[in-house]
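Contents: one structure, followed by commentary.
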Amino acid sequence: MQELWSNAQYQSLETLRERSKSRGDEITWEQEQSIKRALCRFVSDVGQELDLLQWTVATAQYYIHRFYAVRSLARNDRFVVAIAAIFLSAKAEESAKSLRECIAKAAQVRFKDKAEQDRLTKDRPQCDLLRENVLFAERALLYIIGFDFNIEHPHHRLMPILAKFGKDPADKRLAVSESMSAKEREENEGEVHRRNYLAQLAWNFATESMCTPLCLQFPPAKIAFACVDVAARFAIKNGLQRDSKWVAVMEETCGADREEITQIEGQLLESFRVDSEK
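Positions 11 to 288 (my numbering) are the ones given, in order, by the sequence shown.
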């Protein structure tokens, strides 16, 4: 298997299943996805402790997926790889954190026991060993991503797609005017609320998508369109009508087809279903 691919190259779900190195260590595909979901949520929790932006957290999660697409979960310490992904993404997104701080926050999130936290942050031999392992994992990660830091996430594409459907929450036509009647104000405020709710749901789905292997299968624009479409099912009565306008916006904003959007939405909803059953 060629280990390096550019961010413009995507793999089918079947290819990712077949080529996963974790299969050789008796980890099933379902187990692999469960472990990576948990790892991505761990990265998110550490990112919050470090006050990282959502872009930076999403980049770290993308690194996790790229790393374990060509490395076995059984042979590469997840805690170490997660710290390396966070450390590298913070530098790549120009919000650099010290390795010491990344390790300290990761230990804090992983271990509730203060003694365990101190073992990794204050015990000199343990600190040095962990630091060395993280830096080694960072170098491996750099090789795997081909030193390519030009990474875009679905979040960047949401607002333009919402605007195409006339659902942009920043639409100035929704501004409240003193000349409005009480009924018009109420209707206007209701529309603002619906649009904000739709935008927030779409954002949440985009964030959830980073806990799935979708970022290895589809470009950000296609994932973003699916996030808006599936969010509309919950925010708008009957969702977005799959009419000629829907097709036109889909083709214009992301160049996807119905089958691709259906695949993305299916994986998104499956991720939520699995989490809800835990």
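Just so it is clear, CB atoms sit at the ideal spot from N, CA and C, and this is done for glycine as well.
Between the CA atoms of residue j and residue i - distance to the nearest angstrom
i: residue 227; j: residue 78; result: 14 angstroms
i: residue 98; j: residue 148; result: 7 angstroms
i: residue 102; j: residue 159; result: 6 angstroms
i: residue 121; j: residue 25; result: 36 angstroms
i: residue 260; j: residue 267; result: 7 angstroms
i: residue 152; j: residue 276; result: 31 angstroms
i: residue 167; j: residue 232; result: 9 angstroms
i: residue 105; j: residue 46; result: 24 angstroms
i: residue 136; j: residue 262; result: 53 angstroms
i: residue 156; j: residue 73; result: 11 angstroms
i: residue 134; j: residue 162; result: 38 angstroms
i: residue 18; j: residue 140; result: Note that residue 18 has pLDDT 47, beneath the 50 cutoff, so the model's placement of it is unreliable and the number below is only indicative. Distance between the alpha carbons of residue 18 and residue 140: 33 angstroms.
i: residue 216; j: residue 236; result: 9 angstroms
i: residue 203; j: residue 239; result: 18 angstroms
i: residue 108; j: residue 213; result: 29 angstroms
i: residue 33; j: residue 23; result: 14 angstroms
i: residue 62; j: residue 224; result: 22 angstroms
i: residue 91; j: residue 144; result: 7 angstroms
i: residue 164; j: residue 81; result: 25 angstroms
i: residue 206; j: residue 244; result: 13 angstroms
i: residue 234; j: residue 132; result: 43 angstroms
i: residue 128; j: residue 93; result: 17 angstroms
i: residue 27; j: residue 21; result: 10 angstroms
i: residue 230; j: residue 37; result: 28 angstroms
i: residue 138; j: residue 241; result: 46 angstroms
i: residue 150; j: residue 95; result: 11 angstroms
i: residue 39; j: residue 30; result: 8 angstroms
i: residue 285; j: residue 173; result: 31 angstroms
i: residue 126; j: residue 113; result: 12 angstroms
i: residue 115; j: residue 258; result: 46 angstroms
i: residue 124; j: residue 269; result: 50 angstroms
i: residue 119; j: residue 265; result: 40 angstroms
i: residue 85; j: residue 44; result: 17 angstroms
i: residue 272; j: residue 283; result: 16 angstroms
i: residue 183; j: residue 146; result: Confidence at residue 183 is low in this model, with a pLDDT of 44, below 50, so the placement of that residue should be treated as unreliable; the coordinate-derived value is given next. Their backbone Cα atoms lie some 53 angstroms apart in a straight line.
i: residue 71; j: residue 35; result: 23 angstroms
Delimiting residues of the alpha helix (DSSP H) encompassing residue i
i: residue 24; result: 23-29
i: residue 137; result: 134-154
i: residue 44; result: 39-59
i: residue 233; result: 230-245
i: residue 106; result: Segment: none, residue 106 is in no alpha helix (DSSP H) and carries neither H nor E.
i: residue 158; result: First-last for residue 158: undefined, no H or E at that position.
i: residue 260; result: 254-263
i: residue 168; result: 168-174
i: residue 66; result: 64-80
i: residue 131; result: 124-131
i: residue 88; result: 88-102
Nearest candidate by alpha-carbon position, reference residue i, set the options
i: residue 208; options: 36, 246, 113; result: 246
i: residue 142; options: 58, 279, 87, 154; result: 87
i: residue 48; options: 61, 33, 75, 27; result: 75
i: residue 130; options: 237, 147, 111; result: 111
i: residue 89; options: 81, 210, 53; result: 53
i: residue 57; options: 282, 117, 38; result: 117
i: residue 64; options: 284, 113, 219, 279; result: 219
i: residue 83; options: 67, 272, 283, 41; result: 41
i: residue 254; options: 68, 175, 38, 71; result: 175
i: residue 171; options: 250, 100, 37; result: 250
i: residue 222; options: 265, 281, 256; result: 281
i: residue 50; options: 69, 271, 146; result: 69
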